[in-house]
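Everything in the sequence shown is counted per the working numbering, starting at 886 for the first residue and increasing by one.
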Amino acid sequence: MVTLPLVLQVAVPAPLYTLFDYLPPEGCDSSWLCPGLRVKVPFGSGVRCGFILAVRTISELDPGKLKRVIELVEKEPLLGREDMALLRWAAGYYQYPLGEVMAGALPVRLRKGEKPSFIAGRPGWQLTDSGRKVDPELLTRAPRQAEIIRAMRAAGGALPRDEITAKFGRCRGVLGALGQKGWLESCEIEPGVGNPYPERAPEMPSPPELNDHQRDAVAEISRRHDRFGVFLLDGVTGSGKTEVYIRLVERIVQQGKQVLVLVPEIGLTPQLMGRFQRRIGAPMALLHSSLSEKSRELAWHSARTGEAGVVIGTRSAVFVPLPDLGLILVDEEHDLSFKQQEGFRYSARDLAVVRAQRRDCPVILGSATPSLETFRNALEGRYHHLRLPERAGAAREPRLDLLDIRSSPLEAGISPTLARMVKEQLSEGNQVLMFLNRRGYSPLLTCFECGWTAQCRRCDARMTLHLSSRQLWCHHCGSRRRIDPVCPDCGDPALKPMGQGTERLEESLQKRLPEFDIVRIDRDSTRRRGSLERLLTEIRSGKHSLLLGTQMLAKGHHFPDVTLVGIIDVDHGLYGADYRAAERMAQQIIQVAGRAGRAERPGRVVIQTRHPDHPLLQKLLRQGYAAFARESLLERREAGLPPYSHQVLLRAEAHRADAPSLFLEEAAGLARNRAGAEMALWGPVPAPMERRAGRFRAHLLVQSEKRAELHSLLGWWVPELCRLKSARRVRWSVDVDPQEML
Ligand code: ADP
Ligand code: ZN
Ligand code: ZN
């Protein structure tokens, strides 16, 4: 009998679309070899950590010429068969190299080929017996101490040191003080313990009784809990979607299954997190970017081993191995952050649906403003459409009004009418939220003498003036420079800021309303770790009465005392270059508006505009989001745009101005020869911002009504593109189902 030599097919993380064959390591017991194992392999002049995809006895290459695997990293694969299959599917669908996709699905250390470290305990702090008796509400003079005690209680009495730092920033002094009082002591935290094991908080209020709509939704989903189905939970802001999630999660966890919860950004959905932690009695793992690598790896293992009953994470959590997965939940499914905009450009929302289908379990997409793709699927019956049309409890939906500012004298962007309303609400002791989605002081610095404006030297874009740091910043490439003291063109010494940013709005409101406390929430004011959480806590405690901020304030928060929301500038969304601009604008308005009137006191929303007659704006305000969505879908259908067609965007950029279009022309030529009549190719055209970070950018849009045709073209086209000479002179990327044309 002849024994054929075994050949390992390996996915190596590299920007290449090919798989590689290797021989097993010298003297390796072949019974260990199986798909999913990590292997260290010689690659180019270095060593990389790849994954075995298949163990075979054939190779297209002469086995005599194959290199050997250097080392098997482990004997048991970290990724199961099902996990690998999902990753392979995703790599194929989004046309991204499989080795990169697989490596990206692992925690950073494991990606590099290191051994899992879930054995050692972690240094941490725990509440002592006397610490457990302390009521943090009474520690009003030591708010940081109170916060830490509260967090420890929520986590079951102990927290690893790195998580405390991740949450509260540097706080050695505070911990020391707590230690001296005898309330805290340092300890070693058992593997997997810490954040994953919240204890039900003793002061938990009893859960509300569900209203009829909520009960129907829970019943409908529960009835189909054991098979695949997509549910759109289409509930107005404050309708109690989270309450529905909690009841379902409890049920699934009781059946011994795991639940995956995907959220847009953990920092922005602290309430959802907190409520899950208080209410669900199962071990919970968190996966998001503000955790340390180590905590994230521990959470990942607790998911993979089935220890964590609930896994809450941002988009990349869609790939976390979950042996007992029984339900996937995508909160705020319309949110753009579910789509990765660089490298492996996947949509976690769409992959959640694919994963549920492969797993044969339900998936819930929740939103007050569903994406048009999802909305259409619900309208056409492919998704179960569950509606929560009213706010829960005593709260009512806010009243929305347009405020025509065409002939108003604005002060820092605010009309006298809005200013009066703000003052009125504040004087009555209510909170007011002002929304302006532009950070910095002003978006433009200009010379009134000659018309010069401060431009980024590396982008086709204006620099934003940031007065607090006394700099001009480009929000596109991140470059910064000093504020020009005089006009560089004409020497005029009086350069003027034009337009409003959050910094300027804050300055002006502070001047006008000195008696009220203002808090600004944007990327600049929350740069330090833990500062967003701190500010949000302060808002809920009533420390600030006027809240001012960007979209960071718009999402998911529950601020019961806000009675008035002012939207300073809605117009830039009305006539955007992107066909999705109107959809985004509508979602933003409804989400921000949703922060008003969430408790007993009624809420009002005032939207300043110079286009009060805009038809889509009118539709949205008079008839609501669903009517707006139907109308927009009609327009999309007529124009043949997604979701009525499918798109792929081929982008290219280079320092040389002509390189991108040369490459894209060649790419288009290849596609035209091969594509059927159904396929439309648009371009190449320069990107809306042609130059960014010193590179010239262009793209080619491929569109078809038939997804299968588009993908069969891609399968052939992308490997061909790699072979083009002109491809070597550009950076290029393929974006399947692009969300932004930038
Ligand atoms: P959504 O997630 O839809 O914005 P939430 O689940 O945050 O809404 O609910 C909004 C508020 O209403 C929360 O304070 C929640 O506790 C409360 N709530 C939810 N369901 C009920 C109910 N059936 N009865 C009373 N209050 C409820
Ligand atoms: Zn000038
Ligand atoms: Zn720039």
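Note that beta-carbon positions come from the ideal geometry of N, C-alpha and C, so glycine has one too.
From a predicted model like this one, the values you see are computed outputs, not experimental measurements.
Helix, strand or coil at residue i according to DSSP, with G and I counted as helix
i, result
"residue 1437", "helix"
"residue 1085", "Low confidence applies here, because residue 1085 scores a pLDDT of 44, under 50, leaving its location unreliable; read the following figure in that light. Correct three-state label for residue 1085: coil."
"residue 1494", "strand"
"residue 1610", "helix"
"residue 1169", "strand"
"residue 1618", "strand"
"residue 1068", "coil"
"residue 1401", "coil"
"residue 1337", "coil"
"residue 1226", "coil"
"residue 951", "coil"
"residue 1240", "helix"
"residue 1078", "Caution applies to residue 1078, whose pLDDT of 42 falls short of 50 and renders its modelled position unreliable; the model cannot decide the point."
"residue 1459", "coil"
"residue 918", "coil"
"residue 1443", "coil"
"residue 1178", "helix"
"residue 956", "strand"
"residue 897", "coil"
"residue 1489", "strand"
"residue 1220", "coil"
C-beta atoms of residue i and residue j nearer than 8 Å
i, j, result
"residue 1546", "residue 1512", "no"
"residue 1411", "residue 1398", "no"
"residue 1197", "residue 1160", "no"
"residue 1273", "residue 1472", "no"
"residue 1101", "residue 1263", "no"
"residue 1104", "residue 1138", "no"
"residue 1195", "residue 1248", "no"
"residue 1533", "residue 1615", "no"
"residue 1260", "residue 1518", "yes"
"residue 1603", "residue 1449", "no"
"residue 1237", "residue 1205", "no"
"residue 1494", "residue 1501", "no"
"residue 1199", "residue 1173", "yes"
Residue i beta carbon near ligand 3 (any heavy atom closer than 7 Å)
i, result
"residue 1252", "no"
"residue 1443", "no"
"residue 1341", "yes"
"residue 1364", "yes"
"residue 913", "no"
"residue 1072", "no"
Residues bridged to residue i (per DSSP)
i, result
"residue 927", "932"
"residue 1299", "1296"
"residue 1049", "Answer is none; residue 1049 lacks a bridge partner."
"residue 1537", "1583, 1617"
"residue 1319", "1433, 1451"
"residue 1247", "1114"
"residue 1332", "1380"
"residue 941", "892"
"residue 1145", "1196, 1213"
"residue 1120", "1273"
"residue 1531", "1589"
Any chain D beta carbon closer than 8 Å to residue i
i, result
"residue 1390", "No chain D appears in the structure shown, which is made up of a single protein chain."
Distance cut-off 7 Å: residue i Cβ against heavy atoms of ligand 1
i, result
"residue 1440", "no"
"residue 1094", "yes"
"residue 1436", "no"
"residue 1162", "no"
"residue 1473", "no"
"residue 1225", "no"
"residue 1316", "no"
"residue 1509", "no"
"residue 959", "no"
"residue 1128", "yes"
beta-carbon residue i near ligand 2 non-hydrogen atom, thresh 7 Å
i, result
"residue 1337", "yes"
"residue 1374", "yes"
"residue 1456", "no"
"residue 1332", "yes"
heavy atom of ligand 4 below 7 Å from residue i C-beta
i, result
"residue 1369", "As for ligand 4, it is missing from this structure, which binds only ligand 1, ligand 2 and ligand 3."
### Task
Starting from the N-terminal side, write out each stretch of the beta strand (DSSP E) that is 3 residues or longer and does not extend beyond the stretch 1344-1382.
1349-1351, 1356-1358, 1365-1367
### Message
What ranges does the beta strand (DSSP E) occupy inside the stretch 974-1044, keeping only unbroken runs of at least 3 residues that lie completely in it?
### Response
1007-1012
### Query
Taking only runs of the beta strand (DSSP E) that begin and end inside the stretch 1557-1601, which ones reach a length of at least 3 residues, in chain order?
1565-1577, 1580-1589
### Task
Counting only runs of 3+ residues fully inside the stretch 1250-1299, write out the beta strand (DSSP E) ranges in chain order.
1269-1273, 1284-1289
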